[in-house]
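K.L.:
Sequential numbering from 1 applies to the sequence shown in UniProt numbering.
For glycine and all other residues, C-beta sits at the position ideal for the given N, C-alpha and C.
Being a predicted model, the structure only gives us computed values, none of them experimental.
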Amino acid sequence: MDERAQGALLLAVAGVAVRLGLSGSALDYIKPSYVPLLVASGVVIGVLGALVLARAIRALDDPHDHDEASDHGHGHNHSSAPRIAWMLAAPLFAVLLVAPPPLGAFAANRQSGVVQQRSAVWPPLPEAVDGVVPLSLGEYAGRALYDPDLSLAGADVQLTGFVSGVLPDGFVLTRFALSCCAADGTAIDVHVRSDQPAPPVDTWVQVTGQWENRDGHVVGELTTDPPLLTAESLVRVPQPAEPYET
């Protein structure tokens, strides 16, 4: 790979990084707080690519300097890079041609674990909006499983997520939480009991309902079973601009 190819590849990588950041598509892969860093990195890579490409073009325009550099280099081409560098182009073309979707049911069904208690003392529920309390799945799961004050009891709550599985009495509502990027995404599940037919897998829905404690579960004890929600209504919604919780 000569310097012209190196510079062009760096410019292409920079263009993709900036486009993903400015278009909002990067939110399918990273936390919102990392988007400015992605754009800044793209700008830096673009500047480096432009400098490399400009130097290569100047060398072509001045064959005397090029021959002189070759003589000092004893005939070795120090501008060449290992062929493995071309592998950088593979993820670039993948993002351009077939942009991977955000994590969905396929990834969620390959995880299992315990919803960790995130707070020893839970604050009062947020103020209701039009009679319902909108909550993230992470907060709902934490309160449902570990809040000794049972702050969810009797409250109408609203959850938004995608369907990751169909059950005999309803479906599994899921949302991923990120620490950094999609590679470390953790699925948060809620078992929704509903009389309505379950929406298709990977459909985003907004569910309104009430918390129900699972038979045999003692609030505060670790469990691998997701919390329950008895649905009063559900509607299909578009995928949010920010599909992950943080």
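Report all residues from its chain with a CB closer than 8 angstroms to the CB of residue 238; omit the five preceding and five following residues, and keep chain order.
P.N.:
For the purposes of this step, residue 238 is taken as residue 238 along the sequence shown, with counting starting at 1. Cβ within range, chain order: 204.
K.L.:
Look at residue 181 and residue 29 and say whether their C-beta atoms are less than 7 angstroms apart.
P.N.:
Here residue 181 refers to the residue found at position 181 of the sequence shown. Here residue 29 refers to the residue found at position 29 of the sequence shown. Contact flag set, yes.
K.L.:
On a CA-only basis, which of 162, 190, 236 is nearest residue 112? Give me that one, please.
P.N.:
Translated into positions along the sequence shown, residue 112 becomes position 112. Residue 112 has its Cα closest to that of 190, out of 162, 190, 236.
K.L.:
What residue from 236, 108, 7 has the CA that sits closest to residue 48's CA?
P.N.:
Along the sequence shown, one-based indexing puts residue 48 at 48. When each option's Cα is compared against that of residue 48, the closest is 7.
K.L.:
Quick check: what's the CA-CA separation for residue 43 versus residue 14?
P.N.:
Within the sequence shown, residue 43 is the residue found at index 43, counting from 1. Within the sequence shown, residue 14 is the residue found at index 14, counting from 1. Cα to Cα, the separation comes out at about 6 angstroms.
K.L.:
Note down, in chain order, each residue of its chain lying with its Cβ closer than 8 angstroms to the Cβ of residue 25, except the 5 sequence neighbours on either side.
P.N.:
In the sequence shown, counting from the first residue as 1, residue 25 sits at position 25. Cβ neighbours of residue 25 beyond the five flanking positions: 19, 99.
K.L.:
So that I know if they touch, is there some Cβ in chain D lying closer than 7 angstroms to that of residue 122?
P.N.:
The displayed structure is made up of one protein chain only, and chain D is not part of it.
K.L.:
Whose C-beta lies closer than 6 angstroms to the C-beta of residue 230 among residues of the same chain, with five residues either side of it excluded?
P.N.:
Residue numbering aside, residue 230 sits at position 230 when the sequence shown is read from its first letter. Hits under 6 angstroms: 193, 209, 210, 212.
K.L.:
Measuring alpha carbon to alpha carbon, tell me which of 139, 17, 52 ends up nearest residue 36.
P.N.:
Residue mapping note: residue 36 aligns to position 36 of the sequence shown, counting from 1. The shortest Cα separation from residue 36 among 139, 17, 52 belongs to 17.
K.L.:
Measure from the alpha carbon of residue 107 to the alpha carbon of each residue in 219, 162, 51, then state which is nearest.
P.N.:
As a position in the sequence shown, residue 107 is number 107, starting the count at 1. Of 219, 162, 51, the residue nearest in Cα terms is 162.
K.L.:
Please report the straight-line C-alpha distance between residue 129 and residue 152, rounded to a whole angstrom.
P.N.:
Against the sequence shown, residue 129 aligns to sequence position 129. Against the sequence shown, residue 152 aligns to sequence position 152. Near 15 angstroms, if we compare the C-alpha coordinates of residue 152 and residue 129.
K.L.:
Going by beta carbon distance, what residues of the same chain come within less than 6 angstroms of residue 115, once the five residues before and after it are set aside?
P.N.:
Against the sequence shown, residue 115 aligns to sequence position 115. 141, 145, listed in sequence order.
K.L.:
Quickly, what does DSSP pair residue 211 with across the bridge? List them, please.
P.N.:
As a working mapping, residue 211 is identified with position 211 in the sequence shown. According to DSSP, residue 211 bridges with 229.
K.L.:
Could you please give the first and the last residue of the uninterrupted alpha helix (DSSP H) stretch that includes residue 55?
P.N.:
As a working mapping, residue 55 is identified with position 55 in the sequence shown. Here the alpha helix (DSSP H) through residue 55 covers 35 to 61.
K.L.:
Near residue 105, what residues of its chain come up, given a Cβ to Cβ distance below 6 angstroms and the 5 sequence neighbours on each side ignored?
P.N.:
Stepping through the sequence shown from its first residue, residue 105 is reached at position 105. 164, 201, 202, listed in sequence order.
K.L.:
Going along the chain, which residues of its own chain have a beta-carbon closer than 8 angstroms to the beta-carbon of residue 132, five neighbours each way excluded?
P.N.:
For the purposes of this step, residue 132 is taken as the residue at position 132 of the sequence shown. Excluding sequence neighbours, residue 132 sits near 156, 157, 158, 208.
K.L.:
Which runs of the beta strand (DSSP E) at least 3 residues long sit entirely within the UniProt domain "DUF1980" (153 to 244)? Give them in chain order.
P.N.:
As far as the UniProt domain "DUF1980" (153 to 244) is concerned, its whole beta strand (DSSP E) runs of at least 3 residues are 156 to 167, 170 to 177, 186 to 193, 204 to 212, 228 to 236.
K.L.:
What is the C-beta distance between residue 175 and residue 245, in whole angstroms, given that I count them as a contact (C-beta under 8 angstroms)?
P.N.:
Sequence index remark: in the sequence shown, residue 175 carries index 175 (1-based). Sequence index remark: in the sequence shown, residue 245 carries index 245 (1-based). Contact flag correct, Cβ pair sits at about 5 angstroms.
K.L.:
Would you kindly work out how many angstroms separate the C-alpha atoms of residue 109 and residue 55, rounded to a whole number?
P.N.:
One-based indexing of the sequence shown puts residue 109 at position 109. One-based indexing of the sequence shown puts residue 55 at position 55. Each residue's alpha carbon lies about 50 angstroms from the other.
K.L.:
Evaluate residue 93 with the Cβ neighbour count: other Cβ atoms within 10 Å of its Cβ, from every protein chain shown; 16 or more gives buried, anything less gives exposed.
P.N.:
Looking up residue 93 in the sequence shown gives position 93. Exposed is the call here.
K.L.:
Quick one: what does DSSP say residue 18 is sitting in, helix, strand or coil?
P.N.:
Sequence index remark: in the sequence shown, residue 18 carries index 18 (1-based). Of the three classes helix, strand and coil, the one that applies to residue 18 here is helix, per DSSP.
K.L.:
Using only CA atoms, which one of 178, 218, 168, 137 lies nearest to residue 188?
P.N.:
By 1-based counting over the sequence shown, the position of residue 188 is 188. Answer by Cα proximity: 137.
K.L.:
If we call anything under 7 angstroms between Cβ atoms a contact, is residue 228 one with residue 214?
P.N.:
Numbered from 1 along the sequence shown, position 228 holds the residue referred to as residue 228. Numbered from 1 along the sequence shown, position 214 holds the residue referred to as residue 214. In contact: residue 228 and residue 214 (Cβ atoms closer than 7 angstroms).
K.L.:
For a test of the three-state rule: what should DSSP assign to residue 80, helix, strand or coil?
P.N.:
Position 80 of the sequence shown, counting from 1, holds the residue named residue 80. With a pLDDT of only 47 at residue 80, under the threshold of 50, the placement of this residue in the model should not be trusted; the figure read from the coordinates follows. Coil.
K.L.:
Leaving out five residues on either side along the sequence, give the residues of the same chain with a beta carbon under 8 angstroms from the beta carbon of residue 198.
P.N.:
On the sequence shown, position 198 is the one that residue 198 refers to. Cβ neighbours of residue 198 beyond the five flanking positions: 163, 166, 167, 170, 171.
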